[in-house]
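Numbering (the working numbering), first residue to last: 202 to 667. Take a look at the structure set out below.
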Amino acid sequence: MQSEDFADRLAHMPEELPILPVRNTVAFPFSVLPLIVGIPRSVKLIEEALEGNRIIGLATVKDGSIEEPSPGQVHEIGTVAVISRVVKAPDKNLHVVVQGLERFRVEHWLGTEPYLKARVRLYPDVVEPGIELEALVHSLRDLAKEVVALSPNLPDEVTNFLDQIDDPRYLAYLVAANAGLSMEEGQKILEIQGVRDKLQAILSHLARYREVLSLGQKIKSEAREEMDKAQREYYLRQQLKAIQKELGEADESRSAADEYREKLEAAKLPEEAHEEAMKELKRLEGMAPHSAEYSVIKTYLDWLLELPWHTLSEDRLDIGHARVILDEDHYDLQEVKERLIEYLAVRKLVRDRGGLESEPEEGPTGREPMGVILCFVGPPGVGKTSLGQSIARALGRKFTRMSLGGMRDEAEIRGHRRTYIGAMPGRIIQALKRAGTRNPVFMLDEVDKIGSDWRGDPSSALLEVL
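Structural data, given as structure tokens:
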């Protein structure tokens, strides 16, 4: 509340005031503001004011980058203030504490030397008593209490202090000084004439400030939880290592996990395969080396690392060369050779039009494109398998063969469940590993010899693959 001493000072305030420009902040009535004064003419202003009545005018500079503004570069509505304390620092700057008294408005400027001077008049706020004003005061007080609860810089005692304030002007300026306002926002608040409008504007800014503080608290809380989780995990892992050491167990799982992690990072697996590998690696870290599943997971990771994820053979789509290869390897079979040449010609045409690489990463639908399936039918010994080898030679691709004769277990194609002892991938995956490339010419030999029994139907599993 404005004291009798301040009222007396205002009553005897001269019409001409020294104006101290302040940068990047706004001085409000009733508020206490610390300032660091180092510009020579501002230092002289403070020194002369101390010899007189200690009353000065504080006006915000429009552009905070200007150190010695001219009259047109300073807002004409400011705050009359009294100097409460001055301390001279070793760097010769003055550390000044001022107390805001009342608003003023510049009538006209008197000069700039040795510092800014102006003829001013007091510009008090207009208070319009009524129910609406009381409601605004009540709302602002409640909202300010919420901000105090969220702000780490404001002590809880401020809440009790807010309850004791009855003057709407005092409450408005006290809250505005601590509401995180920018310089422009603060100056607009200062210049509003009616207290009711001023309270509404401060309420709007304070509501936004509350949301900012609330979000900041949420972010800090989440960060703290993550940190606590990481510290807890580290502590438990250290305990686990100590227990393993006491039991005489070597930290084989840890060293193996670190080795696999390095290999997985270097392998640059596709995203889905990498996620699955990291999931299994995390399980491996928590297992003892003598665990039954330990070796199963290691075998699974070894297979993931050994598959040719990024190795491709570049197609050699030379029709003349293909004819030479086919004629070298096989006598006659003209119809079959013509069909194979047609197949190669179509691939060459598509590639020349820009629609085919050796094996693009993804097709137009977002999925990896399907290859072409050629079906050779004929009695044993006519050259079906050797034709596949010739196609591989002509294309410059690796060749791999898988005989399906007498196969009765669909696990041979799909792979075994990992719960079984000695579980292995299917023979197709094994053949890809042997080929060392992801796009070999793959021959499924003796498809008609596939059998089926109570263990499953391999032909159905093969249909899924194809």
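C-beta atoms are modelled at their ideal positions from N, C-alpha and C, and glycine is treated no differently.
Spatial distance of residue i from residue j (CA atoms)
i: Glu-249; j: Arg-304; result: 22 angstroms
i: Leu-482; j: Leu-236; result: 59 angstroms
i: Pro-325; j: Gln-394; result: 8 angstroms
i: Ala-593; j: Lys-549; result: 15 angstroms
i: Asp-658; j: Met-608; result: 9 angstroms
i: Gln-300; j: Gln-401; result: 25 angstroms
i: Pro-628; j: Gln-439; result: Here residue 628 turns out to be Arg, not Pro, going by the sequence shown. Approximately 42 angstroms between the Cα atoms of the pair.
i: Val-263; j: Lys-389; result: Reading off the sequence shown, one finds Lys at residue 263, where the question assumed Val. Approximately 12 angstroms, taken between the alpha carbons.
i: His-339; j: Phe-229; result: 21 angstroms
i: Glu-507; j: Asp-646; result: 25 angstroms
i: Pro-570; j: Asn-640; result: Legend: pLDDT at Pro-570 = 46, less than 50; position of this residue unreliable, no value from coordinates given.
i: Lys-245; j: Pro-219; result: 11 angstroms
i: Ile-630; j: Ser-496; result: 20 angstroms
i: Gly-579; j: Glu-473; result: 41 angstroms
Local conformation of residue i per DSSP, three classes
i: Glu-333; result: helix
i: Pro-509; result: coil
i: Lys-245; result: helix
i: Thr-586; result: helix
i: His-296; result: strand
i: Glu-611; result: coil
i: Lys-169; result: Outside the modelled stretch of the chain, which goes from 202 to 667, sits residue 169, for which no answer is possible.
i: Arg-306; result: strand
i: Asp-646; result: strand
i: Arg-552; result: helix
i: Leu-667; result: coil
i: Val-338; result: helix
i: Val-275; result: strand
i: Val-359; result: helix
i: Val-578; result: coil
i: Lys-389; result: helix
Residues that residue i bridges to, as DSSP identifies them
i: Ala-282; result: Ile-257 and Gly-301
i: Trp-195; result: Examination of residue 195 is not possible in this model, given that the chain is present from 202 through 667 alone.
i: Ser-604; result: Asp-646
i: Ala-319; result: Leu-218 and Trp-310
i: Val-238; result: Leu-295
i: Pro-641; result: Pro-641 pairs with nothing; no bridge assigned.
CB-CB length for residue i against residue j, believed under 8 angstroms
i: Leu-221; j: Leu-259; result: 6 angstroms
i: Pro-369; j: Val-328; result: 7 angstroms
i: Leu-337; j: Arg-397; result: 6 angstroms
i: Leu-323; j: Glu-217; result: Incorrect: roughly 13 angstroms between the Cβ atoms, too far for contact.
i: Ile-256; j: Val-275; result: With a Cβ gap of about 18 angstroms, Ile-256 and Val-275 do not count as contacting.
Proximity test, Cβ basis, 9 angstroms: residue i and chain C
i: Leu-246; result: The structure shown contains no chain C, having only a single protein chain.
>> If contact is defined by three or more beta carbon pairs under 8 angstroms, each pair taking one atom from either stretch, is the region 534-552 in contact with the region 493-509?
In response: no
> Are the region 231-245 and the region 307-327 touching by the rule of at least three beta carbon pairs closer than 8 angstroms?
Replying inline: yes
> Are the region 361-368 and the region 421-434 touching by the rule of at least three beta carbon pairs closer than 8 angstroms?
Replying inline: no
> Is the region 408-425 touching the region 264-272 in the sense that three or more CB pairs, one from each, lie closer than 8 angstroms?
Replying inline: no
>> With three or more C-beta pairs closer than 8 angstroms as the rule, is the region 509-519 touching the region 589-605?
In response: yes
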